[in-house]
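The structure appears right after this line, and notes come after that.
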Amino acid sequence: MNKLLKIGMFGFGCVGQGLYGIFLKTSLNAEIIKICVKHRDKPRPIPMHHFTFDKEEILQNPDINLVVEMIDNADDAYHIVKTALQNGKNVVTANKKMLAEHLAELVELQKKYNVSLLYEASSCGSIPIIRNLEEYYDNDLLSSVSGIFNGSSNYILSKIFQEGWSYETALKKAQELGFAETDPTLDVGGFDAKYKLCIIAAHAYGIFVNPDDVLNYGIQTLSIYDQQYAQEKGVKIKLVASAIKTDNNEVVLSVLPTFIPKGHYLYHVENEYNAVIAEAAFADKQVFVGKGAGGYPTGSAMISDISANRFDYRYEYRKHNKANQNLTFTQNHIIEIFVRYHQESDLQYLPFEDISTQFIGKEFRYVIGKINLKNIFQNIEAIRKQNIFLVHTGK
Ligand code: HSE
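Just so you know, we're using the working numbering here: the sequence shown kicks off at 15 and counts up by one.
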């Protein structure tokens, strides 16, 4: 069946305009009835009769059968998406924070009201990772899903490492290009990547994890010393999100700056590109690379979800619903980290299990050692305030 889609859109920023541009070039059996926006005085690139400022005009319109949500505010997005589902409308959304925070409830609403909720664009922009995890990979065989899930921080790291830009200049440019969130701390602090990781973990392993329970440490305190260290060792630093299944049927989730050696699949992933490495028992490693931010790449994933709606596609959450589903989330996992610091007290919140290397220089010091992720997580607020930079060595 190829049903006529009558769309109510929320948001007309970078992604909304990207989607609109793509929409005009495609020939879907669909029409955009109204676009709801917040700011009355903002100049709009298309005539004003397309817009409304009243969300009810879309949510209560019985003719609209698909709500496409692309607004910035996660709380407002939650209310829009929830009401739309309750009113029997299918939903396509890109809002990763909203999804990660409310996924279990929204999945229940989707079932209860017999509607569909699709969100490919929420995780890694143009990379079709949700549907692949949902349809293709078998739960038992996936040993890890990891990669670069945030375009802005990858763009910043690329510009610093490859072109010698300052952190501030690179961040400003990422904002100008429309890659960064309104609050860029979400990008550079690893929060955005963490929301995407939680969504990906739901489809890779069938677990719904509250993002507040997951460790994220970002790139804000990267210094010239860390850059020099990495360059001397011939490695790059990337912000890596990872979901790893342990031998005890547990899944470890984290977002950490990570040393990436030459030859690693992520080494040449630069700028706003994202990459997802799926590691499976028999297929071994498979890598998906694509633009992770920007109006058109994100819009392209939204168009794919809109198109899937014509055929009543919906996620089944088979892994989550599996009767013998016995995977649990944990942060109890030992990793090796590098920490650049300046005085011993900087390390007070990092209880190492074992230290293999310690360097004391004039300008900075560093230590490499094993630590339990759960101990970093417990102290993360204090750790973020220290004059240090922490990097997962990859071991
Ligand atoms: N701020 C996000 C990023 C946008 O930089 O990846 C895409 O989700």
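From the three backbone atoms N, C-alpha and C, an ideal C-beta is built for every residue, glycine too.
Practice prompt. For the beta strand (DSSP E) containing Arg145, list its first residue and its last residue.
Written response: That residue, Arg145, is in no beta strand (DSSP E); its alpha helix (DSSP H) goes 143-149.
Worksheet item: Is it buried or exposed for Phe373, if we count other Cβ within 10 angstroms and need 16 for buried?
Response: exposed
Worksheet item: So, using beta-carbon positions, are Phe343 and Leu229 closer together than 8 Å?
Response: no
Discussion item. Per the DSSP calculation, Glu350 is bridged to which residue(s)?
Written reply: Lys384
Worksheet item: What do you reckon, are the CB atoms on Ile170 and Ala184 nearer than 8 Å?
Response: yes
Worksheet item: Are the beta-carbon atoms of Gln139 and Ala307 separated by less than 8 Å?
Response: A small fix is needed here, since residue 139 is Gly in this sequence, not Gln. Yes, the Cβ-Cβ distance between Gly139 and Ala307 is below 8 Å.
Item to complete: Measure the C-alpha to C-alpha separation of Tyr127 and Ala216 and round it to an integer number of angstroms.
Response: 21 Å
Worksheet item: Assuming Pro271 contacts Tyr231 under a Cβ cut-off of 8 Å, what Cβ separation, rounded to an integer in Å, is found between them?
Response: 7 Å
Discussion item. Please determine whether the Cβ atom of Thr312 lies at a distance below 7 Å from any heavy atom of the ligand HSE.
Written reply: yes
Worksheet entry | Alpha-carbon to alpha-carbon, Thr66 and Ala188 | 30 Å
Discussion item. Rounding to the nearest angstrom, what Cα-Cα distance links Ala44 and Ser321 in this structure?
Written reply: 9 Å
Worksheet item: Under the rule that 16 or more other beta-carbon atoms within 10 Å means buried, what is His334, buried or exposed?
Response: buried
Practice prompt. Indicate, with yes or no, if the ligand HSE has a heavy atom lying under 7 Å from the CB of Lys187.
Written response: no
Worksheet item: Pick from Lys48, Lys17, Asn340: whose alpha carbon is nearest that of Gly25?
Response: Lys48
Fill in: Heavy atom of the ligand HSE within 7 Å of Ser412 beta-carbon
In the structure displayed, the chain extends from 15 to 409; residue 412 sits before or after that span and is not available.
Worksheet item: Taking 8 Å as the CB-CB limit, is Lys186 close to chain B?
Response: Absent here is chain B; the protein component of the structure consists of one chain.
Practice prompt. Hey, could you find the ends of the alpha helix (DSSP H) Ser365 is sitting in?
Written response: It is Pro, not Ser, that sits at residue 365 in the sequence shown. Note, Pro365: premise wrong, no alpha helix (DSSP H); not H, not E.
Practice prompt. Could you work out which residue in Gly204, Arg379, Lys173 is closest to Glu286 when comparing CA atoms only?
Written response: Lys173
Worksheet item: Starting from Ile214 and walking both ways along the alpha helix (DSSP H), at which residues does that stretch end?
Response: 205-219
Worksheet item: Since Ile274 contacts Val249 with CB under 8 Å, what's their CB separation in whole angstroms?
Response: 6 Å
Worksheet entry | Inter-residue Cα distance where the pair is Arg58 and Gly375 | 55 Å
Practice prompt. Give the secondary structure of Asp115 by DSSP, where H, G and I count as helix, E and B as strand, and everything else as coil.
Written response: Strictly speaking, residue 115 in this sequence is Glu, with Asp absent from that position. Three-state DSSP puts Glu115 in a helix.
Item to complete: Report all residues from its chain with a CB closer than 8 Å to the CB of Ile60; omit the five preceding and five following residues, and keep chain order.
Response: Tyr34
Fill in: Opening and closing residue of the alpha helix (DSSP H) in which Glu395 lies
394-398
Item to complete: Taking only runs that begin and end inside the segment 36-71, name each unbroken beta strand (DSSP E) of 3 or more residues, in chain order.
Response: 44-50
Worksheet item: What is the DSSP secondary structure of Met316, counted as helix, strand or coil?
Response: helix
Worksheet item: In terms of residues, what are the limits of the beta strand (DSSP E) holding Ala184?
Response: Careful: Ala184 lies outside any beta strand (DSSP E), inside the alpha helix (DSSP H) at 181-190.
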